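Report on one structure; see the data block that follows.
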Amino acid sequence: QKEVEQNSGPLSVPEGAIASLNCTYSDRGSQSFFWYRQYSGKSPELIMSIYSNGDKEDGRFTAQLNKASQYVSLLIRDSQPSDSATYLCAGVPHQAGTALIFGKGTTLSVSS
Amino acid sequence: GAGVSQSPRYKVAKRGQDVALRCDPISGHVSLFWYQQALGQGPEFLTYFQNEAQLDKSGLPSDRFFAERPEGSVSTLKIQRTQQEDSAVYLCASSPLGTANTGELFFGEGSRLTVL
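Encoded structure:
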């Protein structure tokens, strides 16, 4: 069973702080990973993708991938109350024809 | 339409009733996925279509669950003889790519099913 594991939280940070969200995966052959944001009662929305080891930055968001440690993270700088949501980590399995696997999600709360 | 459209948004069913959930993907999207999301959990894969072909139904929890996409566009997820454990949000997602191995999915708002 290929798995993606996340701490469900909640993770609480003050406005302006850095929020760090973490994820581990079991499928060593997985090559690509994604972070989705899901507001309460809404559908998941893709915010970041990462395909190679290292960091990928997009505005206030930085995704990090370490394939040796099978570890993915998302950093949110200058956190805003509007960032309060559940963040889902997901990975594409190595096996061809297999759909995206999601973690349980980490709930982030940013207080003003 | 501009996005993935699902209906109904909310459905309350009595235990044992049959339900049908509809998904209208983004026009031209080849791939269509159904996921089930229980409260406080991440989406769990149910089934995948490439055009009208159902290439993977390994996530369907029982033979009470059935999905179709007869003309390669709109899809229907049918649940027969609903049980309380079927209560969840059913998410439909589409992708322009013709492969299940993609992480760039466009999700609909979901259909929230409550079985009493």
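Chains as they are written, first to last, in the working numbering: chain V, 2 to 113; chain C, 150 to 265. Ideal Cβ placement from N, Cα and C applies to all residues, glycine included. If you're wondering where the values come from, they're calculated on a predicted model, not measured in any experiment.
Among residues of its own chain, excluding the 5 on either side of residue i, which ones have a beta-carbon nearer than 6 Å to its beta-carbon?
i	result
C/Ser243	Val153, Pro174, Ile175, His178, Leu181 and Phe255
V/Ile51	Phe34, Lys57, Ala64 and Leu66
C/Ala187	Ala237
V/Asn54	Leu66 and Lys68
C/Gln233	Val264
C/Thr207	For the sequence presented, residue 207 of chain C should be read as Ser rather than Thr. If we look at C/Ser207 and ignore the five residues flanking it on each side, it has no Cβ neighbours.
V/Ser113	Glu16 and Pro82
Among the options, which residue has its Cα nearest to the Cα of residue i?
i	options	result
V/Met49	V/Lys43, V/Gln65 and V/Ser41	V/Gln65
C/Ala169	C/Gln203, C/Pro192, C/Ser156 and C/Lys227	C/Lys227
C/Pro245	C/Leu265, C/Asp235 and C/Gly221	C/Gly221
V/Asn23	V/Tyr72, V/Gly17, V/Arg29 and V/Asn54	V/Tyr72
C/Thr231	C/Tyr239, C/Phe214, C/Arg218 and C/Thr225	C/Phe214
V/Ser41	V/Gln96, V/Leu89, V/His95 and V/Ile102	V/Leu89
C/Gln185	V/Asn8, V/Pro45 and V/Ala86	V/Pro45
V/Ala18	V/Arg61, V/Thr99 and V/Arg29	V/Arg61
C/Arg158	C/Gln166, C/Asp167 and C/Cys172	C/Cys172
C/Asp212	C/Leu195, C/Val223 and C/Ser224	C/Leu195
C/Trp183	C/Ser224, C/Asp235, C/Gln229 and C/Thr251	C/Ser224
V/Thr107	V/Gly30, V/Asp28, V/Ser31 and V/Gln39	V/Gln39
V/Leu101	V/Ser13, V/Ala86 and V/Ser31	V/Ser31
V/Asp28	V/Leu109, V/Ser113 and V/Ala97	V/Ala97
V/Asn8	C/Asp235, C/Gln166 and C/Gln190	C/Gln190
V/Ser85	V/Lys105, V/Leu109, V/Asp59 and V/Tyr37	V/Leu109
V/His95	C/Asp167, C/Leu204 and C/Asn250	C/Asn250
C/Asp205	V/Val14, V/Thr99, V/Ser13 and V/Lys105	V/Thr99
Could you tell me if residue i is buried or exposed, where buried requires 16 or more neighbouring beta carbons within 10 angstroms of its beta carbon?
i	result
C/Thr263	exposed
V/Asp79	exposed
V/Lys43	exposed
C/Arg261	buried
C/Lys163	exposed
C/Leu209	buried
V/Pro11	exposed
C/Gly252	buried
C/Ala151	exposed
V/Val93	buried
Residue i by DSSP, collapsed to three states: which one?
i	result
V/Gln32	coil
V/Ser44	coil
C/Glu253	coil
V/Asp1	It is not possible to answer for residue 1 of chain V, since the shown part of chain V is limited to 2 through 113.
V/Glu4	coil
C/Glu234	helix
V/Cys84	Note that residue 84 of chain V is Asp in the sequence shown, not Cys. Helix, per DSSP.
V/Thr99	coil
V/Arg38	strand
By Cβ distance below 7 Å, which residues in the same chain neighbour residue i in space, the five residues on each side in sequence not counted?
i	result
V/Ser21	Ser74 and Leu76
V/Thr120	No statement about residue 120 of chain V is possible, as the shown extent of chain V runs from 2 to 113 and does not include it.
V/Gln81	Glu16 and Val111
V/Phe103	Val5, Leu89 and Ala91
C/Glu258	Gln155 and Arg158
V/Ser13	Ser110 and Ser112
Please list, in chain order, all residues of the same chain as residue i whose beta carbon is under 8 Å from its beta carbon, the five residues on each side excluded.
i	result
C/Thr248	Ser180 and Gln199
C/Glu201	Arg218, Pro219, Glu220 and Gly221
| Which runs of the beta strand (DSSP E), 3 residues or longer, sit entirely within the segment 175-217 of chain C? | Within the segment 175-217 of chain C, the complete beta strand (DSSP E) runs of at least 3 residues are 180-186, 193-199, 202-205 and 214-217.
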